[in-house]
Amino acid sequence: MSRAIVHMDMDTFFISCERLSNPKLIGLPLIVGGSTDRGVVASCSYEARKFGVRAAMPIKYALRLCPQAAIIKGDMEFYSNKSHEIMAILKNVAPIVEKASIDEFYLDLTGMDKFFGCYKWTSELATKISYETGLPISFALSVNKTVSKIGTSESKPLGKLEITESNVKPFLNPLSIQKIPMLGDVTFQLLSRIGIRNIQTLSQMPVEVLQQMIGKNGIEIWKKANGIDNNPVEPYTERKSISTEHTFETDTINIHQIKALITAMVEKLAYQLRSQEFLASTIAVKIRYNNFDTETRQIKIPYTSFDHILTKVAVELFDKLYTRRMRLRLIGIRFTGLVRGTYQINMFED
Numbered sequence: 079m080s081r082a083i084v085h086m087d088m089d090t091f092f093i094s095c096e097r098l099s100n101p102k103l104i105g106l107p108l109i110v111g112g113s114t115d116r117g118v119v120a121s122c123s124y125e126a127r128k129f130g131v132r133a134a135m136p137i138k139y140a141l142r143l144c145p146q147a148a149i150i151k152g153d154m155e156f157y158s159n160k161s162h163e164i165m166a167i168l169k170n171v172a173p174i175v176e177k178a179s180i181d182e183f184y185l186d187l188t189g190m191d192k193f194f195g196c197y198k199w200t201s202e203l204a205t206k207i208s209y210e211t212g213l214p215i216s217f218a219l220s221v222n223k224t225v226s227k228i229g230t231s232e233s234k235p236l237g238k239l240e241i242t243e244s245n246v247k248p249f250l251n252p253l254s255i256q257k258i259p260m261l262g263d264v265t266f267q268l269l270s271r272i273g274i275r276n277i278q279t280l281s282q283m284p285v286e287v288l289q290q291m292i293g294k295n296g297i298e299i300w301k302k303a304n305g306i307d308n309n310p311v312e313p314y315t316e317r318k319s320i321s322t323e324h325t326f327e328t329d330t331i332n333i334h335q336i337k338a339l340i341t342a343m344v345e346k347l348a349y350q351l352r353s354q355e356f357l358a359s360t361i362a363v364k365i366r367y368n369n370f371d372t373e374t375r376q377i378k379i380p381y382t383s384f385d386h387i388l389t390k391v392a393v394e395l396f397d398k399l400y401t402r403r404m405r406l407r408l409i410g411i412r413f414t415g416l417v418r419g420t421y422q423i424n425m426f427e428d
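All the letters of the sequence shown, read from the start, carry residue numbers 79 to 428 under this note's numbering.
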């Protein structure tokens with residue numbers, strides 16, 4: 079039985095959130111990103127894109143292309159709250175929901191209804207989300223996550239697209255290989271040099287040749303080019319976490335040493351977040367006194383993977399937690415509430 083997989087994506091999410099807060103920004107070319115000379119574009123409006131502005135572009139260069147653009151530093155806490163609102167709506171009505179990033183969601187509607195019924199149901203859901211959150215949304219419904227995600231990117235803004243099983247290949251074939259998720263710039267340049275620029279040409283390559291050219295990812299890219307993706311929609315949970323603990327060789331009361339260790343532990347975990355493309359929304363600190371009493375304190379924060387934010391929060395938690403003038407035996411740090419994504423306003427600063 080064919081699956082019915084929906085990919086939902088909020089249109090220019092950061093920009094839309096800013097316009098929700100300040101309607102005077104509607105229609106203006108906008109850039110959300112770092113405010114310094116070394117800042118980078120995190121998101122830009124369609125009005126700015128007409129001038130060639132793109133995400134991850136240096137702010138300085140973006141302003142040369144579109145000098146009239148307004149620069150907004152961004153409010154990650156507000157964006158996070160809106161993301162939670164959307165997720166709450168989805169979890170209340172959809173059988174299986176995966177939060178792929180702060181503004182992307184997958185739904186598995188397999189077996190819910192006939193295919194047309196799923197499309198109508200999803201269309202009504204998108205309308206409900208836009209009405210209740212005030213934010214625009216696009217979606218695509220197809221047989222797997224890859225095709226649905228590509229479909230959403232093709233339908234934006236405010237798009238609604240259905241790609242049935244028989245239409246997967248006709249839909250994918252003429253598109254640029256750049257549309258394939260996980261195919262980066264280096265691979266694109268490599269394939270372009272040998273004349274492979276659209277998905278149809280890529281899909282007709284012998285998979286062994288592609289694997290020899292680009293390594294282990296070659297098989298996955300070939301499958302995606304052929305519309306093959308058996309990856310399940312993974313039910314969203316905030317139980318995902320990463321953590322680390324350190325037991326002191328000698329119980330200590332040296333605050334400077336403890337805070338230096340906290341900084342090092344946070345930097346290590348933050349690097350893991352970024353390398354695995356995760357953001358954390360909760361941080362916890364655990365201490366164990368030399369009498370084995372253990373105390374933990376945690377706080378919810380806007381999604382982030384940036385060292386200086388996480389370190390500051392961890393040290394503040396420790397200061398609130400460490401209330402007894404006793405030696406410490408152990409210190410632990412845990413990040414939870416992880417979501418997939420590299421969105422990070424603060425990372426676009428210097």
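The beta carbon of each residue, even a glycine, is placed where N, CA and C say it ideally should be.
Within the model, the alpha-carbon separation for K234 versus D89 is close to 7 Å.
Taken atom to atom, the span from the alpha-carbon of C122 to that of I299 is near 28 Å.
Following the DSSP letters along the chain, one finds G410 inside the beta strand (DSSP E) bounded by residues L406 to T414.
Residues of the same chain with a CB within less than 7 Å of the CB of L141, apart from the 5 flanking positions on each side, are A147 in chain order.
If the five residues before and after P259 are omitted, its C-beta is found closer than 8 Å to the C-beta atoms of T224, K227, I228 and K302, all from its own chain and listed in chain order.
Note that the stretch 404-417 touches the stretch 322-335; at least 3 beta-carbon pairs, one per stretch, sit closer than 8 Å.
The straight-line gap separating the alpha-carbon atoms of V246 and L253 is approximately 12 Å. The bridge partners DSSP lists for F396 come to none. Under the three-state reduction of DSSP, N309 is assigned to coil, being neither helix nor strand.
The continuous beta strand (DSSP E) containing P380 extends over residues T372 to T382. At a Cβ-Cβ threshold of 8 Å, M283 and I292 do not count as neighbours.
Shown here for A172: same chain residues with a beta carbon closer than 6 Å to its own, the five before and five after excluded, namely L185 in chain order.
Taking all protein chains shown into account, S383 has 16 or more neighbouring C-beta atoms within 10 Å of its C-beta and is therefore buried. Cβ-Cβ distances below 7 Å link Q289 to G296 and I297 in the same chain, with the five nearest sequence neighbours on each side left out; the list follows chain order. As for any alpha helix (DSSP H) of minimum length 4 sitting wholly inside the stretch 294-358, the runs are 295-303 and 333-353, ordered along the chain. The continuous alpha helix (DSSP H) containing L288 extends over residues V285 to I292.
K177: member of the beta strand (DSSP E) spanning V175 to S179, first to last residue. For L168, the enclosing alpha helix (DSSP H) starts and ends at M154 to V171. The residues D186, V311 and P313, in chain order, have a CB closer than 6 Å to that of I174 in the same chain once the five nearest residues on each side in sequence are set aside. About 4 Å separates the beta carbon of T414 from that of T360, a gap short enough to meet the 8 Å contact definition.
Relative to V221, the option among G305, L108 and I207 whose CA is nearest is G305. C-alpha of V344 to C-alpha of I207: approximately 36 Å in a straight line.
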